[in-house]
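The structure appears below as structure tokens.
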Amino acid sequence: MRAGWVGAVLTAGLVLWFGWGLAGLVSVGCDWDAKGCGVPEGGGKYFAAIMAAPWPLGIMVKAGLYRRDWRRTLSYPAGAVPGAAVTLGMGTSAGHWTVATLLVLIGALVPWLARYNSDAVREVRRQERERRAQEERRERARVRRRERRRERRRSRSSAT
12 MRAGWVGAVL TAGLVLWFGW GLAGLVSVGC DWDAKGCGVP EGGGKYFAAI MAAPWPLGIM
72 VKAGLYRRDW RRTLSYPAGA VPGAAVTLGM GTSAGHWTVA TLLVLIGALV PWLARYNSDA
132 VREVRRQERE RRAQEERRER ARVRRRERRR ERRRSRSSAT
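First residue of the sequence shown: 12, per the numbering used here; consecutive thereafter.
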């Protein structure tokens, strides 16, 4: 028995964790030194969240777990909305609003894109391409027949 809800809960948690990490780094700011921007003191946990959370999410997408059933991707908005709420709970600066908007945007786009890339949808697209190609072949054959008829008529009229 497969428990798809376990992956959905894991995905929602990872998206929430990622949002929390982004919001935390926006809150603590940047520690500028000669090398550039660095993670300031106390920002390591946020940095770890940002670095660790996307890997399992990417593996899930790459493994094709969402190709058979796009509804499993609804866990992205299930984690993105609380992640946006946590972000705005940590502060309301422009950076926090940007992170919250980014999370909600990701939560909306992932299921939408997965829905239009499922196996069933790909099969319908393939059938539509084949139908169009067949229509184009038929039209080209009609044009060739029409041209041959014209040539025959011209050759008959020029022969007489």
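Using N, Cα and C, we set each Cβ at its ideal position, and we do this for glycine too.
Alpha helix (DSSP H) segment containing residue i, residue limits
| i | result |
| --- | --- |
| W43 | Run containing W43: none in the alpha helix (DSSP H); it sits in the beta strand (DSSP E), 42-44. |
| A95 | 86-101 |
| G55 | 55-63 |
| S166 | 130-170 |
| W108 | 105-126 |
Residue range of the beta strand (DSSP E) that includes residue i
| i | result |
| --- | --- |
| G49 | 47-49 |
Candidates the options: closest to residue i by CA position
| i | options | result |
| --- | --- | --- |
| L116 | R156, I70, V26 | V26 |
| G54 | V37, P67, V135, G47 | V37 |
| W66 | L85, M101, T22 | T22 |
| A96 | A34, W81, E139 | A34 |
| A91 | A60, G24, R126, V17 | G24 |
| W16 | T84, M62, Y57 | T84 |
| L114 | V20, Y57, W28, G18 | W28 |
| G18 | E141, I61, L68, E158 | L68 |
Counted within 10 angstroms of its Cβ, other Cβ atoms place residue i as buried (16 or more) or exposed
| i | result |
| --- | --- |
| M101 | buried |
| S86 | buried |
| Y127 | exposed |
| W31 | buried |
| A105 | exposed |
Alpha carbon of residue i to alpha carbon of residue j, nearest angstrom
| i | j | result |
| --- | --- | --- |
| S168 | V154 | 21 angstroms |
| R82 | W43 | 43 angstroms |
| R149 | L120 | 39 angstroms |
| R143 | A64 | 43 angstroms |
| R133 | I70 | 21 angstroms |
| M12 | V39 | With a pLDDT of 38 at M12, under the threshold of 50, the modelled position of that residue is not reliable, and no figure is offered here. |
| E52 | G94 | 23 angstroms |
| A131 | K56 | 41 angstroms |
| L124 | R140 | 20 angstroms |
Test: residue i CB closer than 8 angstroms to a CB of chain B
| i | result |
| --- | --- |
| W123 | Of the protein chains in the structure, only one exists, and it is not chain B. |
Q) For the 8 angstroms Cβ check, are there 3 or more pairs between the segment 107-123 and the segment 44-62? A) The segment 107-123 vs the segment 44-62: no contact.
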